[in-house]
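Report on the following structure.
Number of protein chains: 2
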Amino acid sequence: MNSEPHIMRAFDRDLETVQAMLMKMGSLVEDAIVCAAEALEARDNDLAGRVVRGDAVIDALEEQVNLECARIIALRSPTATDLRTVLTVMKIAAYLERCGDYAKNLAKRSTVLNQTAPIGDSAASVLRMAKLVQQLIRDALDAYIKRDATLATEVRQRDTEVDQMYNALFREFLTHMMEDPRNITACMHLHFIAKNIERVGDHATGIAEQVIYLVTGTLPAEQRPKGDTTAYDRGA
Amino acid sequence: MNSEPHIMRAFDRDLETVQAMLMKMGSLVEDAIVCAAEALEARDNDLAGRVVRGDAVIDALEEQVNLECARIIALRSPTATDLRTVLTVMKIAAYLERCGDYAKNLAKRSTVLNQTAPIGDSAASVLRMAKLVQQLIRDALDAYIKRDATLATEVRQRDTEVDQMYNALFREFLTHMMEDPRNITACMHLHFIAKNIERVGDHATGIAEQVIYLVTGTLPAEQRPKGDTTAYDRGA
Numbered sequence: 008m009n010s011e012p013h014i015m016r017a018f019d020r021d022l023e024t025v026q027a028m029l030m031k032m033g034s035l036v037e038d039a040i041v042c043a044a045e046a047l048e049a050r051d052n053d054l055a056g057r058v059v060r061g062d063a064v065i066d067a068l069e070e071q072v073n074l075e076c077a078r079i080i081a082l083r084s085p086t087a088t089d090l091r092t093v094l095t096v097m098k099i100a101a102y103l104e105r106c107g108d109y110a111k112n113l114a115k116r117s118t119v120l121n122q123t124a125p126i127g128d129s130a131a132s133v134l135r136m137a138k139l140v141q142q143l144i145r146d147a148l149d150a151y152i153k154r155d156a157t158l159a160t161e162v163r164q165r166d167t168e169v170d171q172m173y174n175a176l177f178r179e180f181l182t183h184m185m186e187d188p189r190n191i192t193a194c195m196h197l198h199f200i201a202k203n204i205e206r207v208g209d210h211a212t213g214i215a216e217q218v219i220y221l222v223t224g225t226l227p228a229e230q231r232p233k234g235d236t237t238a239y240d241r242g243a
Numbered sequence: 008m009n010s011e012p013h014i015m016r017a018f019d020r021d022l023e024t025v026q027a028m029l030m031k032m033g034s035l036v037e038d039a040i041v042c043a044a045e046a047l048e049a050r051d052n053d054l055a056g057r058v059v060r061g062d063a064v065i066d067a068l069e070e071q072v073n074l075e076c077a078r079i080i081a082l083r084s085p086t087a088t089d090l091r092t093v094l095t096v097m098k099i100a101a102y103l104e105r106c107g108d109y110a111k112n113l114a115k116r117s118t119v120l121n122q123t124a125p126i127g128d129s130a131a132s133v134l135r136m137a138k139l140v141q142q143l144i145r146d147a148l149d150a151y152i153k154r155d156a157t158l159a160t161e162v163r164q165r166d167t168e169v170d171q172m173y174n175a176l177f178r179e180f181l182t183h184m185m186e187d188p189r190n191i192t193a194c195m196h197l198h199f200i201a202k203n204i205e206r207v208g209d210h211a212t213g214i215a216e217q218v219i220y221l222v223t224g225t226l227p228a229e230q231r232p233k234g235d236t237t238a239y240d241r242g243a
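Chains as they are written, first to last, in our numbering: chain E, 8 to 243; chain Y, 8 to 243.
Structure below.
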């Protein structure tokens, strides 16, 4: 134990402020994704509307993070790891902002889907997928705060689960469309929703890679695991 | 005319270097998008393969831009507009990197589609759309180099054309799928391709907004024009 009085540098105080904003953003994004999926599953247009309107708060927070980071750089002239940290915060904020956009899009599409008959139990699968990516984002941010490259590496690996769920849903939607053309429009929307959640998982991976870079100084050497195989897939 | 000998600041020299990398990236991304669409239209798997492999160069350039920008910040401690410029360069590079990913994805899907029967003249429509976003990216980067907020504003407006083309294609694909279920898989891939090109257009808009922010100091106040109405659309 260090019994010296802890003198906090001005830079560290600034960083704590901006990190608090980042964590607030992360928490809003996590909620938005799962609430949007819940709005779909429960056919709750009010909840969907709240997610859509809430995205403006996430966007405003990203703007604040960027301004604060620029202020820190200008005022404190950080170098080496400090500078890398500030730049990482900006990158993570950009990832989170895009995740918020995906949640908003999901919420919008849910209000359309609520007007049509459900497609099997796909809404429940979407909700499961949303909860999985919520946990990935949470763990990626946790890895950032703890500077934990091991946890970050684990997030990258776990993203393949999300990809597998997406691939399974892709096939399921194809089957529903082929069985009954009246399912086509709903399945197109559901497919977009699944793809957008899969992209949120990719962004969690992106955040995790930023953490690995921050902690180890190098980006992961091996290819990022890629689980969406549908680009090479002629389907059912 | 200023007849004083022009003394270039070290910062400006550094900025020129990194801007040259950015322009190189832009040019590769523009080519990649159109080549990928040409590979689809001409059913040319070799061309598609070159686009897929070429994406690594774009990724490496983004990495270089980021390292160089961090070096400039650490070495020159830029403030005010200089700092904002360096941060803008990093943001633009991130947008371009993602556009490269979309081109790669398009190229991959084209090799799948080359194994199935063409869907009407959709490949030609995709190519037209790709050429439109190519021009948008070019103009957005031009607006950056010239610090031209008017051109940047125009890019934002023109992105609605891309959105309209996407919306038209979305309806076309729905029709093809409903007419013949054997079209469904190909249409799903084509739909993704169209959506990805539409997203490249959104990224051109994102770059344009960065330019407006850099030049005027404020982000465009009015809502970004949003032309993808399909999230609210129950389709045909």
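We put the CB at the ideal spot given by N, CA and C, even for glycine.
- A contact is defined here as three or more CB-CB pairs under 8 Å, and the region 45 to 54 of chain Y meets this definition with respect to the region 103 to 120 of chain Y.
- Contact check for Ser129(E) against Leu54(E) fails: the beta carbons are separated by 8 Å or more.
- Apart from sequence neighbours up to five positions away, the residues of its chain that approach Phe18(Y) with a beta-carbon distance below 8 Å are Ile79, Arg83, Pro85, Asp89, ordered along the chain.
- Note that the C-beta distance between Glu69(Y) and Ala101(Y) is below 8 Å.
- Collapsing the DSSP output to three states places Asn203(Y) in a helix.
- DSSP, read as helix, strand or coil, puts Ser84(Y) in coil.
- Of the residues assessed, Ala39(Y) falls on the buried side of the cut-off, its CB having 16 or more other CB atoms within 10 angstroms.
- The alpha-carbon separation between Val58(E) and Ala67(E) amounts to approximately 15 Å.
- Distance from Asn190(Y) to Ile126(Y) at the Cβ level is roughly 6 Å; contact confirmed, criterion being Cβ atoms closer than 8 Å.
- With a threshold of 8 Å between beta carbons, Pro188(Y) makes contact with chain E.
- Interface flag for Ala77(Y) against chain E is set, since a Cβ pair is found closer than 8 Å.
- Restricting attention to Gln26(E), Leu113(E), Leu22(E), Asn73(E), the CA atom closest to the CA of Gly61(E) is found in Leu113(E).
- Three or more beta-carbon pairs drawn from the region 157 to 176 of chain Y and the region 199 to 211 of chain Y are found closer than 8 Å, and the two stretches are therefore classed as touching.
- For Val162(Y), same chain residues with a beta-carbon under 7 Å away, outside a window of 5 residues either side, are Leu143, Asp146, Ala147, Ala150, Ala211, Thr212, Ala215 in chain order.
- Each residue's CA atom was taken as its position, placing Ala201(Y) and Ala87(E) some 42 Å apart.
- Its Cα nearest to that of Asn52(Y), the residue Asn121(Y) stands out among Leu22(Y), Asp21(Y), Asn121(Y).
- Contact annotation for Ser129(E) against chain Y: no contact, minimum CB-CB distance about 15 Å [criterion: below 7 Å].
- In this structure, Arg154(E) sits near Val222(E), with a CB-CB distance shorter than 8 Å.
- Between Val25(E) and Cys106(E) a beta carbon distance of about 18 Å is seen, past the 8 Å cut, so the two are scored as non-contacting.
- Chain-order list of chain Y residues neighbouring Ile80(E): Ile80, Leu90, by C-beta distance under 7 Å.
- Ala101(Y) reaches chain E at Lys98, Ala101, counting residues in chain order whose Cβ is nearer than 8 Å.
- With a contact defined as Cβ atoms closer than 8 Å, Met97(Y) and Val133(Y) miss out at about 31 Å.
- Residues of the region 198 to 227 of chain Y whose Cβ lies closer than 8 Å to any Cβ of chain E, in chain order: His198, Phe199, Lys202, Leu226.
- Nearest to Gly33(Y) by alpha-carbon distance, out of Leu74(Y), Arg165(Y), Asp108(Y), is Asp108(Y).
- The beta carbon of Phe180(Y) sits closer than 7 Å to those of Cys194, Leu197, His198, all from its chain and outside the five residues before and after it, given in chain order.
- Within 9 Å of the CB of Leu148(Y), no CB atom of chain E is found; the nearest one sits about 19 Å away.
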